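Novice:
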Amino acid sequence: MTAPTAADTESVQPLAAVPARSGRAGLVWRRFRRNKFAMVGLVGLVLLFLFAFLGPLLTHWSPTDIDLVNTQSGPTGDHLFGTDDVGHDMFAQTVNGMQKSLIIGLLVALLSTGSAGLLGTAAAYFGGWWEKVIVWLTDLFLVVPSLLMLIILSPYFQGTSWLVLVPMIALFSWMITSRVVRGMTLTIREREFVRAARYMGVPAWTIIARHIIPNISSILIVDFTLNVGAAIVTESFLSFLGFGIRTPNVSLGTVINDGAQFASTDQWYLFVFPASVLVLIILCVNFIGDGLRDALDPNSTGASAR
Amino acid sequence: MSQNLLLTDAAGRPKNPAPTGTPLLSVQDLHVTFSSEAGDVRAVRGVSYDLHPGEVLGIVGESGSGKSVSAMAILGLLPDNARITGSIKLEGRELLGLGDKQMSKIRGKDIAMVFQDPLSALTPVFTVGDQIVEALSVHQKLSRDAARKRALELLDVVGIPDPERRFKNFPHEFSGGMRQRVMIAMAIANDPKVILCDEPTTALDVTIQAQILEALKNAQELTGAAILMITHDLGVVAGFADKVSVMYAGRPVEQGAVDEIYYRPRMPYTIGLLGSIPRLDVSGEHGRRPLTPIEGNPPSMVDLPDACPFADRCPIVTDICRDAEPELLPAGPDSHPSACHRRADLESGTIPIDQVYPVPQIPETHLDTVPRAQRSPVLEIKGLQKHFPLMRGAVFKRRVGTVKAVDGIDFEIREGETLGLVGESGCGKTTTLLEILELVAPQAGSIAVFGRQAAKLSGRERMEMRKDIQIVFQDPMASLDPRMPVGEAIAEPLRTHGWSQDKAYERVAELLELVGLEPYHASRFPREFSGGQRQRICVARALALNPKVVILDEPVSALDVSIQAGVINLLDELRAKLGLSYLFVAHDLSVVRHIADRVAVMYLGRIVEIGDVASVFELPSHPYTQALLSAIPLPDPRKERERSRILLPGDLPSPANVPSGCRFRDRCFKYASLNAAEQMKCRDEDPVIVTRPGKEDHAAACHFADALEVV
Amino acid sequence: MGAFIVRRLLNYVVLVFVATSLAYLGAATAFHPKDMYLQKNPPTPAVVMYHELNERNDNPDKPVLERYAHWVDGVAHGDFGQTWQLDSVSKHFSISVWVTVRLVTVAAVISAVAGILIGSFQAVRQYKFSDHAITFGSYIIFAMPVFVLAPLLKLVAVQVNKAVGGNTPLLQYQGEIDPDATGFWGQLFSRADHLLLPTISLSLGLIAFYSRYQRGQMLDVLGSDFLRTARAKGLSKTRAILKHGVRTAVIPVMTLVTYSTILTFAGAIITERVFGWNGLGSWFTDATNHSDVNSVAVITLFSAVLVLIAGMLSDIITAVLDPRVRL
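Residue numbers (the working numbering), protein chains in the order written: chain A, 41 to 346; chain B, 110 to 820; chain C, 388 to 714.
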C-alpha cells in the first residue's frame, strides 16, 4: 500500500527538487512556509516583538507616569489604550509588560527545554542510578503542584530583580519535556546507528551529542516554542494574582489584573487591550510550534501526543 | 499441541477445475493513481486478469510494484486520494463505482481478505472469538449460540488447538502464526468466492509459514474459493499457485501458467528475479552457484516516460525499448504473454535465457586452498550464556521468570571463513552476536577474539580490539544516522580511532569505490540512497578500519530479492579480496547456503546442529534442521509438487519456558515415533552436541540423530 | 503481586511526604507572619501576638526544623494546625473542599464527554470545514488563559444583562447562590445560574485539550490495519469506526482525562477568585497573602495526594479498557 517513493538509479539522483546540500533545513522551511497558520504566527510574532520594543517610541508616557488630569480616560490620541483610575497610561504599561513577558518566556523556555534535554537524554542513555535519580526527581516535581509552589515561594523573590522569575518558573516546567525526551532517547539508543557507534568505540557523551541530540532536535525545537507560550502564561498568572512581578514593575499579568477590575464596568477596554495582546502572543507562538511540529515530522497528526 | 490440519474429505472439493467458462473475478485494464505532493503516482497501470473458481493466481512483484494496491482496489478499500479506472467484475457484476454500503455486502462475504501483518490486523481490545462472530453476524442472521458454535468450528478448521479456551483470548495472547490462522478463519467464515491474500506469510518464520500455507490450502479446499496470492516470494508461489502474474512498475510484465513462468520466462525482469534468488537445492561447481543481480532500482512511479520501465536495468535493452512501452503479448503461438520488445528473440532462442544476465565470477582467496585445520581461529565462543529477567506488567513491573536467550553455545570461526548462524525468531542468534560485540565477560562461558579472552581486556585493549571486529545490521535505514552525511558516517569509526580529517576523507572515497558507489556520494544524506545502496554504505563503514571479522546481522533480509543478490555478491567478493571472516546471522537458509562455509542451526538458545554447509544441508541430522529445510519453499514448481513437507506442530516456544530434557521434543516428529523408553530419554536427558559418525565437521544435538534428505 | 502494589504505594507515600515537606519548609521560610501582626493598625500587643504565633506553630523565634517536626507530629495525629484566623485547618478544609467540588464537578464531566465526542467527530471529518473551524476555535481557546477568559465571560455577562434588562440580572457572576432564592426550584435555579459562567470558564480549555488529543488518536486509529480488517469483513465505514475505532482510540485519552479531571479538584484559583467562590483556590491565595503556613501546607498535601490518586486511577482505567495492559 505504500505509494512508491521516488526511487533512484544506481548513480544516485537526489530526490526531486531537493538540492543535495541545503538538505533538511530547507525542506523543513518549505514545509513550514506552506502552512498558513504557521506563517501567520511567525509574521505575527515578529510584529509583536517590534511592537513591544518599538512601541515605547509611540508615546511619551512611561509606565510609571501618572496623568492626574486624565484618570479613567478612554482610548484617546494621547492615551492610546486609555488610563486606569490612578492615571497610568495603559499603552505604556502594556508595551512595557510585553517586553518583560517576552523576555521571560524566551529565557524560561531556553532554560527548561535545555535542562530537560540534558536530563532526559542522560537518564535514558546511561541508565542505572543516573536514571533512577532523574526519574524520581521528575516524579517528585510532577507531584509537587508547581503553581502552588511558585506562589508559596513568591515572597522570596519580592524586592529582587524581576529576572529571578526566570529560574523559578523554569524549575517547575522541565518535567514533561524531560519525560518525552527520555522516552525518545530510550528508543533511539536501541537504534542500529547508535549501537554501531557504540561498537566502534565512540564515547558515550560523543554519541549523545552527535547522534542522539540531533535526532531529538525536532521535539526540542517544538517544545521550546510551546514552552515560550507556557512560560508567558505562568508568569502572567502569577503577576495577575499579585505573586509575580509587582509594582513599580509591570508585566502583562499585572496590567490584565488591573484591567480585569474594569471588565464588568464601562471601562472594559482597560481589560480588553492588554488581554488581546497576551492572547495574540500565545496564539502566534502556538501556531509556530504546531507548524514546526508538522514541518519537522511529516507523520505527526497535529495533536500533542503527551 | 497436536493439530489436525487435514480435514475430513467430505468437505473437500475436487482441485484444479478447468479454468473455462465465465471467470469468477475479472479485472480489466485497472489503473490506480494517487495524487501526491510530487505529482500523480501511477501505482497501477493497466492490470488485467481473470480468476476462475478454485483457481490460485499468484501476483509476484517487489515492493512498490503495485501488487497490493491492485488488490485493495478490488475490495474498494483504497484511501480517498486514489483514482481508479478500468473494470472489476465479480461474476459479471461491476464493482467499481459501488458505494460503501453495497461494497460492505460484498466484502467479507464474496471477497475476503487475509492481510500481511497479523500483529496489527486484529482489533486489540476485542476477543478473538468476538471478532470472528462479528465477521459471521455482519452477513448472516445467526443466533448468539449458533454464531459462537460456528466460530468455534472455524477456529478448529484453521488448526487452533483448544478453541473453547482460545475463543475468549485477546489477539495479543496469540502468536503471529495463530493470529494469521484467526485471520484465515474470519476470511472463510462466510464461504467466500474469492480470498485475497496479501503477503500472508511474509511476517512469519519458515516453519510457521509452512503451517499457514497448509491452512490456506485446506481453507481453499473447504470453501472452493479462488485465491489471489500476492507475494514477493517466488518460492511460495511455485508450490501454491496455478497461474502467475509478474508485476513491475505497476504493470504485469509476464503472465501465465506457473510452469511457463518458471521454466520458460520471456521477460528479462522475470529471468533476473529467478536468477537472483539464492537456492537451497542448487549448488555449482565450487559449492555455490553465482547469483545474477539486477542492477539499478525500480523507476519512480511519478512521470514515467513512454518506454519500457525496465529498460535502465535490462541487460538486453535496445533502442526500441526506450521509445515505447511494450505491450503484454504472447511471444509465440503457444507462449504466454509478456511485455518485452525482445520476447521473440527470447522465444526463438536467439538470446539464450541463461545468458541474458552476465554470470559474475565468484572470487577465490588463497585461504580457500589452506585446509581449515591449518587456519587460525579468529573467534572462539565457548559455553556462551545470556539470561534476561522476564518482567511482566506495565503497571506493576515484576520479575516472573528467566528468558534463556542464549543457553550455552560453542562455535569457532577460522580465518577467511564464513559461519552462518541460522534459526527462527527467538532462538537467540541476535543476542549471541550482541553479546560478542560487547567484548566483555559474558554471564557464563567465554568469548575469545584472536585467542584473547574478551573478559581480560583492559579498556584500551578493548578499544583496539573493536577495530578488528565490526558489524553490519539488518535494517540499512536504521543503521545510518539520518542526520549525518554518509561520508561522515563512514568516517566515524576512523575519527573515533584517531585518524586525521584528511586521511579519513581519502579513506572514505576509497571505501565508497570498494562497495560500488562513487566518492562524490560522501556528501549525500542516507535518505537519498536506496535500500541496497544504504546497505553498501553500512558495509563500507564496517570495513573502514580493516577489520578481520565482520558480523553480519541479517544483512539482506530487508532488501528486495533483485537488490539482495547484488549485496550478497559484494559480500562474497569483499571476503575474498580482503581475507575477511564473517559471522553471518540469518533466518533465510537459502542465503546461508549460498554464502557460508559452515552453518550452525540454533533452536531455543542452543546450537542443535553445526557443520560444513554441504553436510548439514544435504544430510541434516537433527529433526529441527530437517523440518526447517523442508519448510522452505523452492522456486521450482515441479520440485515443490513432488516434495512432502515435514510440518512442525505448534508455535515457536518461548525461551522463558524451556522444556526439560531435549528442548525440541514437544514439537519433534521423531519423538512421536519413539517407544516409551526412548521418549523418556528425550524427556529427561538434555542431549549434548556430538560429532556425526564418520564426519569431521558435522555435529548434532539429538539422542536419535539420523540423516535425512529433505531438499 | 501484593508486594508490588505495596512497594508502589510506598513510593507514592514517600513522594507525597517529600512534596508536602518541601511546601511546608518553603512556606515556613518564605512567609513572615510576624510582620503581618506588626503591620496591623492598631498593632497587636506582643504577648497576644506571640501567643497566637505559638498557637499557629509559626513563631519565627523557633527554628524552622522544630516547627516542621511539630507540624509533622500533628499531621501524623490528624491535627493540621490552625489558620491565620485561628480556626481549625481541618474544619476550614472540609468546608472549602465542598465548595470546590460543587464548582468543578459539572465542568469536569461536561469537558470529558464533549472533548471526546468533538475530537472523534473531527477526526472522522478530517480536513472538512467543521474540522478546520473547531481546530481554529481550539487555537483561540488555547491562547486564552483562564485569567483572560474568566473576566471576559464576566464582561459578556454584564453586557448581556444590560441588553436583557429587568430587575434581577439574568446571568450571575458572583458567589454560589443568591441568598434571597427560596424554595427548592428557586434555589436550584439560582445555583445553576451561578454555576454557568464558572463552568464555561473551566470547561472550554479542557474541551479544547481533550478534543485535540482525541482527534490525533482517532486519526492514528483510522489508518490502522485492524480498522481495515473490520471493513474487509464487511462492516460499513461508520460502523467500523464507531465500534473498533473510538473504542481503541479512547484508551490513551482516558489517561489524560483522568489526570486533568482529578486535578481540577485541587481548586481553580482564578475561577474561584473571579467569580467569588470560597473554595480551595481562594483559600490558598488568601492564606499566602496572610502568611498562613498551615493552610498552604494542607492544600499542597491535598493536591499532591490528588496527583497520586489520578496516577493510580488512570492506570486502573487503562487496565480495564485495554486487555493488553493487565495489572
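For each residue, glycine too, the CB sits at the ideal point set by N, CA and C. Fair warning: this is a prediction, and the values are worked out from it, not measured in the lab.
Using DSSP's beta-bridge definition, name the partner residues of B/Gly148.
Specialist: According to DSSP, B/Gly148 bridges with B/Ser145.
Novice: Buried or exposed for B/Thr194, please, with buried defined as at least 16 other CB atoms from any protein chain shown within 10 angstroms of its CB.
Specialist: Exposed is the call here.
Novice: With 7 Å set as the bound, which would you pick, yes or no: does the beta-carbon of A/Val262 sit closer than that to a beta-carbon of chain B?
Specialist: Not one chain B Cβ lies under 7 Å of A/Val262.
Novice: Taking one C-beta from the stretch 650-661 of chain C and one from the stretch 623-635 of chain C each time, how about it: are there three or more such pairs within less than 8 Å?
Specialist: Taking 8 Å as the limit for Cβ pairs, the verdict is that the stretch 623-635 of chain C does not touch the stretch 650-661 of chain C.
Novice: Pull up the distance between the alpha-carbon of A/Ala60 and that of B/Ser145, whole angstroms please.
Specialist: Confidence at A/Ala60 is low in this model, with a pLDDT of 38, below 50, so its placement is unreliable and the value that follows should be read with caution. Those two C-alpha atoms are separated by around 22 Å.
Novice: Please confirm if the stretch 607-620 of chain B is in contact with the stretch 360-377 of chain B, defined as three or more CB-CB distances below 8 Å between the two stretches.
Specialist: No, the stretch 607-620 of chain B is not in contact with the stretch 360-377 of chain B.
Novice: Could you compute how far the alpha carbon of B/Gln642 sits from the alpha carbon of B/Pro594?
Specialist: Spanning the two alpha carbons is a distance of roughly 14 Å.
Novice: Give me the Cα-Cα distance between A/Thr287 and A/Asn136, rounded to the nearest whole angstrom.
Specialist: Cα-Cα distance, rounded: 13 Å.
Novice: Could you please give me the residues that DSSP links to B/Ser555 through a beta bridge?
Specialist: In the DSSP output, where bridge partners are listed per residue, B/Ser555 has B/Lys491.
Novice: Measure the C-alpha to C-alpha separation of A/Pro254 and A/Leu158 and round it to an integer number of angstroms.
Specialist: Roughly 13 Å between the two C-alpha positions.
Novice: Tell me where the beta strand (DSSP E) around B/Glu363 begins and ends.
Specialist: Note, B/Glu363: beta strand (DSSP E), Arg360 to Ala366.
Novice: Alpha carbons only, please: which of B/Gly688, B/Pro758 and B/Leu566 is nearest the one belonging to B/Phe778?
Specialist: Answer by Cα proximity: B/Pro758.
Novice: Who are the neighbours of B/Glu243 on chain C, taking C-beta pairs under 7 Å?
Specialist: Simply Lys620.
Novice: Pick helix, strand or coil for B/Thr459, following the three-state DSSP scheme.
Specialist: Note: B/Thr459 maps to coil in three-state DSSP.
Novice: Quick one: which residues of the stretch 576-602 of chain C get their C-beta closer than 8 Å to a C-beta of chain D? List them in chain order.
Specialist: Among the protein chains of the structure shown, namely A, B and C, there is no chain D.
Novice: Pull the bridge partners of B/Pro402 from the DSSP assignment, please.
Specialist: Beta-bridge pairing links B/Pro402 to no other residue.
Novice: Please classify B/Val799: is it buried, with 16 or more other beta-carbons within 10 angstroms of its beta-carbon, or exposed?
Specialist: With fewer than 16 Cβ atoms within 10 Å of its Cβ, B/Val799 is classed as exposed.
Novice: Please name the residue in A/Ser186, A/Gly329, A/Met208 and A/Leu82 whose C-alpha comes closest to that of A/Phe259.
Specialist: Contrary to the premise, residue 259 of chain A reads as Ile rather than Phe in this sequence. Answer by Cα proximity: A/Gly329.
Novice: Does any residue of chain A bring its CB to less than 7 Å from the CB of B/Asp577?
Specialist: It does not; no Cβ of chain A falls within 7 Å.
Novice: Between which two residues does the beta strand (DSSP E) containing B/Arg707 stretch?
Specialist: From DSSP, the beta strand (DSSP E) with B/Arg707 extends over Arg707 to Tyr712.
Novice: Consult DSSP for A/Asp334 and reduce its assignment to one of helix, strand or coil.
Specialist: Helix at A/Asp334.
Novice: Measure the CB-CB distance between C/Ser682 and C/Thr470 and report whether it falls below 7 Å.
Specialist: Contact: yes.
Novice: Using beta-carbon positions only, say whether C/Leu667 and C/Thr487 come within less than 7 Å of one another.
Specialist: Contact flag set, yes.
Novice: Counting only the same chain and skipping the five closest in sequence on each side, list residues whose C-beta sits under 7 Å from that of A/Ser218.
Specialist: Same-chain partners within the cutoff: Ala156, Leu159, Gly160 and Thr178.
Novice: Would a check of beta-carbon distances place A/Val273 closer than 7 Å to chain C?
Specialist: So yes, A/Val273 belongs to the interface.
Novice: May I ask you to report which of helix, strand or coil DSSP gives C/Val472?
Specialist: As written in the sequence, residue 472 of chain C is Gln, which differs from the Val given in the question. C/Gln472: coil per DSSP, three-state reduction.
Novice: In the DSSP output, what is B/Ser229 paired with across the bridge?
Specialist: Partner(s): none; B/Ser229 has no beta bridge.
Novice: Is C/Tyr560 buried or exposed, if buried means 16 or more other CB atoms sit within 10 Å of its CB?
Specialist: The residue in question, C/Tyr560, is buried, as its Cβ has 16 or more Cβ neighbours within 10 Å.
Novice: Does the distance from the C-beta atom of A/Leu332 to that of A/Ile261 stay below 7 Å?
Specialist: Yes, these two residues count as a Cβ contact at 7 Å.
Novice: Use the C-beta contact count for C/His464: other C-beta atoms within 10 angstroms, 16 or more gives buried, fewer gives exposed.
Specialist: Exposed, because fewer than 16 other Cβ atoms sit within 10 Å of the Cβ of C/His464.
Novice: Using a 10 Å radius around the Cβ and a threshold of 16 neighbouring Cβ atoms, would you call B/Asp681 buried or exposed?
Specialist: Buried, since its Cβ has 16 or more Cβ neighbours within 10 Å.
Novice: Sorted by chain position, which residues of the same chain lie with C-beta nearer than 6 Å to B/Arg360's C-beta, five sequence neighbours on each side aside?
Specialist: For B/Arg360, where only same-chain residues beyond five positions count, the Cβ hits under 6 Å are Arg154 and Gly155.
Novice: Opposite B/Val355 in the DSSP bridges: which residues?
Specialist: Beta-bridge pairing links B/Val355 to B/Val169 and B/Glu363.
Novice: Given the structure, does B/Phe773 come close to the ligand GDP, in the sense that its CB is under 6 Å from one of the ligand's heavy atoms?
Specialist: With respect to the ligand GDP, the structure offers nothing, as it holds no ligand at all.
Novice: Could you name the residues of the same chain whose beta carbon sits closer than 8 Å to that of A/Phe197, not counting the 5 residues immediately before and after it, in chain order?
Specialist: Hits under 8 Å: Val204, Leu205 and Met208.
Novice: Measuring only the C-alpha atoms, how far is B/Ala440 from B/Val362?
Specialist: Going by the C-alpha atoms only, they are around 12 Å apart.
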